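K.L.:
Residue numbers (numbering that gives the first Met the number 0): 0 to 541. Provided herewith is a single structure, encoded as structure tokens, for subsequent inquiry.
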Amino acid sequence: MDVEPLLGGASSTPDYGSNDNKRNGGSRNATDEDDNGATVVASPKWYLSACQIAVVVLAVLATVLSVAMLAGGYKAIINAALHEQLVIKEGSKAYNIWKSTPVPLSLKLYVFNLTNPEDFQNGSKPVLQEVGPYVWREYHKKQNVTFHPNDTVTYLQQRWWVWDQEASGNCSQDDLIITLNTIPVAAAYGMRNSLFQGALEFAFKSVDEQLTVHTTARKLVFDGVKDPLLDWVQENVVNNKGNYHFLLPFFKGTAVAEFEKFAWFYKRNLSLTYDGEFNMMTGEDTLDNLGRIDKWNGRNSTSFYTPPCNEVTGSAGELFSPHLSRKDLIFFSSDLCMSAKLFFKEEVKDYGGLAAYRYWGTNHTFANGTTVPGNECYCVGKTCAPMGLLNAESCRMGAPAFVSFPHFYAADPFLLEGVEGLAPDKKKHSLFLDIVPNLGVPATVSIKLQINIHVTPFKSISLLEHVPDVYLPMLWFEVQGGMTPSIASQMKMLVYFMTSSVPSVVVWSVIICLAVLTVLVVVLVAWRRNSSYDLATLLVNE
């Protein structure tokens, strides 16, 4: 038998420095004769080729990687990928969604028509008729975005609204509304402790001020209603053309002195400054801080309430830290000038199988210190609002405005006794947020709030002399939005990889099999080389 192919063409006196030997990778093996003249193969010298070295290195790396994965490396990889996409920085998926909301929200607004204006002015209980919904599509965009070295970002929030006739149904922006004229009520409230109420009485009579107005939904919400008292204050008080400049301290900083028209959303459409300047944590240092407000208008507290209720804290309301618990949820609202607390209610699965935590408002959300100890700091002055009302006077430019849930849901029953036409309903009027807990992404937003004006009688002002003392509902609105089925599907897949053991088991199995297979290849190569030498020895002996 020709053994030359098995021995690589070895001669009885090999030369390891020859060119032939170099061409064969230095793997020629020396032979010799024993005492009986038999030719034997010398013990082979181990020389691994570059390919074999690479295989060994891969085997070691695969083994190390498999051990690392078993020790939690898979979860670390997922968390790193999650961090990369959720952190607010240029280029991340979360940044693009956060900067310009891809799915518009809807603003549904319901106005309370005052059906007995004359009787109300003479002391009768107000009779209300809810009219709506008037629906606008709401858009958000972050402007003047500036990143800072301390892992925060400063920005202005621009919001604008586009009328949605289809969603509004039979309601039109030109519908006629009868409602309270808040201008004289706010002016009288500003001078409630003044000795100069007679001057205000003169002003009311000079311009023939009315307690109620007949206007359109368009003017009442965005365009603005002209009121002669506003012109009188501008001319005689602010610009000091009359002898009433001494009244300026009572009106300064209020809507009566600042605006030429009145509307609930006056000058808010496309405004860059109305919501204020936000400084928010990006989550770069840790996702536990993602979306948390650090400062508002350059401060970490406000002047509207006393500590600790004046603290600027919680989420901005658009992003929350991942891995949410079932504890209370705090978010900051620039509309309320405060941080509000929502309470965990339940787990819901209404998003194609994607689980979410529902947080909602309860009778503790707008509770005073009487029913919820610690909430005394929301009281303005020495008087606390009834349970279910938040005093927004200082936040809303000095007007006697109070915020509640729609139809006085979860509020003191006596508030309902003061008006007719309300019917609180838990399903219709409760506020809630559904958030995917693993990602901190809102699945559904349903913010429902009502604006009320505290009307009080003034003996020295004939326009308000006989009105009842009542918290009069003006309107309520719902800001509603939710993730699309496409986004929900993407979120579901991401949550699956974060929480399920199946993907990690598959990855571990593949890596372990790769490691074992690589080791087997190395062993097989080594075994075949040894077998070749053994066979060569046997054939030479024969």
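Every residue gets a Cβ at the ideal spot worked out from N, C-alpha and C, and that includes glycine. In this text, all values refer to a predicted model and were calculated from it rather than measured experimentally.
Take the Cβ of His-213 as the centre, count every other Cβ of all protein chains shown within 10 Å, and call the residue buried at 16 or more, exposed below.
P.N.:
Position 214 of the sequence shown, counting from 1, holds the residue named residue 213. When all chains shown are included, His-213 counts as exposed.
K.L.:
Since Leu-570 contacts Val-418 with CB under 8 angstroms, what's their CB separation in whole angstroms?
P.N.:
Lying before the first or after the last residue shown, residue 570 is absent from the chain, which here runs from 0 to 541.
K.L.:
In whole angstroms, give me the CA-to-CA distance for Glu-200 and Pro-456.
P.N.:
Counted from its first residue, the sequence shown places residue 200 at position 201. Counted from its first residue, the sequence shown places residue 456 at position 457. Their backbone Cα atoms lie some 13 angstroms apart in a straight line.
K.L.:
When you compare only the Cα positions, how much space is there between Leu-534 and His-82?
P.N.:
By 1-based counting over the sequence shown, the position of residue 534 is 535. By 1-based counting over the sequence shown, the position of residue 82 is 83. Since pLDDT at Leu-534 reaches only 48, below the 50 mark, its modelled position is unreliable, and no value is offered.
K.L.:
Look up Gln-84 in the DSSP assignment and say whether it is helix, strand or coil.
P.N.:
Residue mapping note: residue 84 aligns to position 85 of the sequence shown, counting from 1. Gln-84: helix per DSSP, three-state reduction.
K.L.:
Taking the beta strand (DSSP E) that Gln-142 belongs to, which residues open and close that run?
P.N.:
Taking the sequence shown and counting its residues from 1, the one referred to as residue 142 is at position 143. It spans 127 to 147 - the beta strand (DSSP E) in which Gln-142 sits, taken as one unbroken run.
K.L.:
Assign Gly-16 to buried or exposed, taking buried as 16 or more other Cβ atoms, counted over all protein chains shown, within 10 Å of its Cβ.
P.N.:
On the sequence shown, residue 16 is found 17 positions in, with the first residue counted as 1. Only weak support is given to the placement of Gly-16: the predicted model assigns it a pLDDT of 42, under 50, and the value that follows is read from those uncertain coordinates. Exposed is the call here.
K.L.:
Return helix, strand or coil for Asn-390, following the three-state DSSP convention.
P.N.:
Numbered from its first residue, the sequence shown carries residue 390 at position 391. In the structure shown, Asn-390 sits in a strand (DSSP, three-state: E or B).
K.L.:
What is the DSSP secondary structure of Gln-479, reduced to helix, strand or coil?
P.N.:
For the purposes of this step, residue 479 is identified with residue 480 of the sequence shown, where counting begins at 1. DSSP places Gln-479 in strand when its eight states are reduced to three.
K.L.:
Skipping 5 residues on each side, what residues in its chain have a beta carbon closer than 7 angstroms to that of Pro-103?
P.N.:
By one-based count along the sequence shown, residue 103 stands at place 104. Cβ within range, chain order: Arg-136, Glu-137, Tyr-138.
K.L.:
Reducing DSSP to helix, strand and coil, say where Asp-349 ends up.
P.N.:
Residue 349 sits at position 350 when you count from the first residue of the sequence shown. Strand.
K.L.:
What are the uninterrupted segments assigned as alpha helix (DSSP H) that are 4 or more residues long and contained completely in the region 180 to 263, given in chain order?
P.N.:
Counting only runs of 4 or more, we get 181 to 189, 196 to 205, 227 to 232, 247 to 250, 254 to 257.
K.L.:
Assuming Ile-452 contacts Ala-400 (C-beta within less than 8 angstroms), just tell me the rounded distance between them.
P.N.:
As a first step, residue 452 is located in the sequence shown; it is residue number 453 there, counting from the start. As a first step, residue 400 is located in the sequence shown; it is residue number 401 there, counting from the start. The Cβ separation is near 6 angstroms, so the contact holds.
K.L.:
Is Tyr-273 near Tyr-377, with beta carbons less than 9 angstroms apart?
P.N.:
What you label residue 273 is simply residue 274 of the sequence shown in a count that begins at 1. What you label residue 377 is simply residue 378 of the sequence shown in a count that begins at 1. Result no, Cβ atoms of Tyr-273 and Tyr-377 do not sit closer than 9 angstroms.
K.L.:
Three or more C-beta pairs under 8 angstroms: does that hold for the region 112 to 130 against the region 413 to 430?
P.N.:
As far as the Cβ criterion goes, the region 112 to 130 touches the region 413 to 430, which means the pair count is three or higher.
K.L.:
In terms of alpha-carbon separation, which member of Ser-105, Glu-276, Gln-120 lies closest to Glu-464?
P.N.:
Locating residue 464 in the sequence shown gives position 465, where the first residue counts as 1. For the residues Ser-105, Glu-276, Gln-120, the minimum Cα distance to Glu-464 belongs to Gln-120.
K.L.:
Is Ala-166 helix, strand or coil by DSSP?
P.N.:
The residue labelled residue 166 in the question sits at position 167 within the sequence shown. Three-state DSSP puts Ala-166 in a helix.
K.L.:
Please list, in chain order, all residues of the same chain as Cys-394 whose beta carbon is under 6 angstroms from its beta carbon, the five residues on each side excluded.
P.N.:
Reading the sequence shown from its first residue, position 395 is the one you call residue 394. Excluding positions up to five away in sequence, the list reads Phe-303, Cys-336.
K.L.:
Could you please give me the residues that DSSP links to Leu-155 through a beta bridge?
P.N.:
On the sequence shown, position 156 is the one that residue 155 refers to. Leu-155 pairs with Gln-142, Glu-276.
K.L.:
Around the C-beta of Lys-427, are 16 or more other C-beta atoms found within 10 angstroms, so that it is buried, or is it exposed?
P.N.:
Sequence index remark: in the sequence shown, residue 427 carries index 428 (1-based). Lys-427 comes out exposed.
K.L.:
Leu-219 to Leu-113, Cα distance in whole Å?
P.N.:
The residue given as residue 219 occupies position 220 in the sequence shown. The residue given as residue 113 occupies position 114 in the sequence shown. Taking the straight line from one Cα to the other gives about 14 angstroms.
K.L.:
What do you get for His-575, buried or exposed, if any count of 16 or more other CB atoms within 10 angstroms of its CB means buried?
P.N.:
This structure does not reach residue 575, given that the chain is present from 0 up to 541, and the question cannot be answered.
K.L.:
Confirm, please, whether the CB-CB distance from Phe-404 to Gly-360 is below 9 angstroms.
P.N.:
By one-based count along the sequence shown, residue 360 stands at place 361. By one-based count along the sequence shown, residue 404 stands at place 405. Against a cut-off of 9 angstroms, the Cβ pair of Phe-404 and Gly-360 comes out as a contact.
K.L.:
Name the DSSP beta bridge partners of Arg-357, please?
P.N.:
Indexing the sequence shown from 1 puts residue 357 at position 358. Beta-bridge pairing links Arg-357 to Glu-345, Asp-433.
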